[in-house]
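Comments concern the structure below.
Protein chains in written order, with the working numbering: chain A, 1419 to 1535; chain B, -18 to 88.
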């Protein structure tokens, strides 16, 4: 079964760093783009960016460019998003998702809640 | 960025009704378009990709249409589990923006 398993909820203070993960299983990890989607409390979905694990080609939304880093370790089938200095406004649920036959997100992780306070 | 405007933001309907949600793009996106469903506390779920292709496992009462700048998601014969929030997404130009969502509630 194709699955994306995300790391657990995090509670951090402003200014701290953080790296959350998304491990893919049941498929050829290097062959599909993986993306990150942010959902602030009570709000809609926001596309953050995507990475192609085979060559680490990465595309960011201008809204997060320079604020986060998306990376991948294909040796362990895991994608990441990281912050060097969190802000309260980073409080959100973060989903990873994988493309399929199209660039749409066909498979989703369960989400990682990040609270910065 | 391409802006997507969903209408209506809130839709009230009853079990058995047929409803249509519309999404308008600020520029043409051909058929690079998708629809998702999200229920409270859950991750989004892909319903429709490439404007009208039904994702595997999604009931046939969901259908997508449109091209260019206007797209629709139609749900026929609403079931209790269909009351959720629906999002559109364009996939022609990065960033692959989402619409603001349409909440479908029970009348």
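A virtual CB, placed ideally from N, CA and C, is assigned to each residue, including glycine.
Bear in mind the structure is a predicted one, so any value in this text is a computation, not a measurement.
Residue i, DSSP secondary structure in three states
| i | result |
| --- | --- |
| residue 1447 of chain A | helix |
| residue 1506 of chain A | helix |
| residue 1494 of chain A | helix |
| residue 1473 of chain A | coil |
| residue 62 of chain B | helix |
| residue -12 of chain B | strand |
| residue 24 of chain B | coil |
| residue 39 of chain B | coil |
| residue 1370 of chain A | Given that chain A is displayed from residue 1419 to residue 1535, the structure contains no residue 1370 of chain A and the question cannot be resolved. |
| residue 1428 of chain A | strand |
| residue 1439 of chain A | strand |
| residue 84 of chain B | strand |
| residue -5 of chain B | coil |
| residue 78 of chain B | coil |
| residue 1483 of chain A | strand |
Buried/exposed call for residue i, threshold 16 Cβ in 10 Å
| i | result |
| --- | --- |
| residue 1456 of chain A | buried |
| residue 42 of chain B | exposed |
| residue 45 of chain B | buried |
| residue 87 of chain B | exposed |
| residue 11 of chain B | exposed |
| residue 7 of chain B | exposed |
| residue 78 of chain B | buried |
| residue 1474 of chain A | exposed |
Alpha carbon of residue i to alpha carbon of residue j, nearest angstrom
| i | j | result |
| --- | --- | --- |
| residue 1431 of chain A | residue 1494 of chain A | 29 Å |
| residue 1472 of chain A | residue 4 of chain B | 34 Å |
| residue 84 of chain B | residue -11 of chain B | 8 Å |
| residue 16 of chain B | residue 30 of chain B | 7 Å |
| residue -13 of chain B | residue 1461 of chain A | 14 Å |
| residue 1426 of chain A | residue 1465 of chain A | 21 Å |
| residue 65 of chain B | residue 82 of chain B | 10 Å |
| residue 37 of chain B | residue 27 of chain B | 9 Å |
| residue 1502 of chain A | residue 1483 of chain A | 13 Å |
| residue 59 of chain B | residue -3 of chain B | 5 Å |
| residue 1433 of chain A | residue 1481 of chain A | 19 Å |
| residue 1526 of chain A | residue 1534 of chain A | 23 Å |
| residue 1443 of chain A | residue 1421 of chain A | 5 Å |
| residue 56 of chain B | residue 1531 of chain A | 31 Å |
Closer than 9 Å at the beta carbon, the chain A residues around residue i
| i | result |
| --- | --- |
| residue 79 of chain B | 1455, 1462, 1463, 1464 and 1465 |
| residue 38 of chain B | In chain order: nothing, as chain A lies at least about 11 Å away. |
| residue 65 of chain B | Within chain A, no residue comes near residue 65 of chain B; the closest Cβ sits about 13 Å away, beyond 9 Å. |
| residue 18 of chain B | By Cβ distance, chain A contributes nothing, its closest Cβ being about 11 Å from residue 18 of chain B, past 9 Å. |
| residue 31 of chain B | 1519, 1520 and 1522 |
Bridge partner(s) assigned by DSSP for residue i
| i | result |
| --- | --- |
| residue 45 of chain B | B/54 |
| residue 1513 of chain A | A/1455 |
| residue 1467 of chain A | A/1454 and A/1478 |
| residue 15 of chain B | B/70 |
| residue 34 of chain B | B/30 |
| residue 1519 of chain A | Answer is none; residue 1519 of chain A lacks a bridge partner. |
| residue 6 of chain B | B/-15 |
| residue 1489 of chain A | A/1498 |
Neighbour list for residue i in chain A, Cβ cutoff strictly below 8 Å
| i | result |
| --- | --- |
| residue 61 of chain B | Ordered by position in chain A, no residue passes the 8 Å Cβ test against residue 61 of chain B, which lies about 22 Å from the chain. |
| residue 82 of chain B | 1462 and 1463 |
Closer than 8 Å to chain E by CB, residue i
| i | result |
| --- | --- |
| residue 1475 of chain A | The chain labelled as chain E is not found among the protein chains of the depicted structure, namely A and B. |
Contacts of residue i in chain B (Cβ-Cβ under 8 Å)
| i | result |
| --- | --- |
| residue 1521 of chain A | 13, 72 and 77 |
| residue 1480 of chain A | -18 and 76 |
Partners in chain A for residue i, counting only beta-carbon separations shorter than 7 Å
| i | result |
| --- | --- |
| residue 24 of chain B | 1513, 1526, 1527, 1528 and 1529 |
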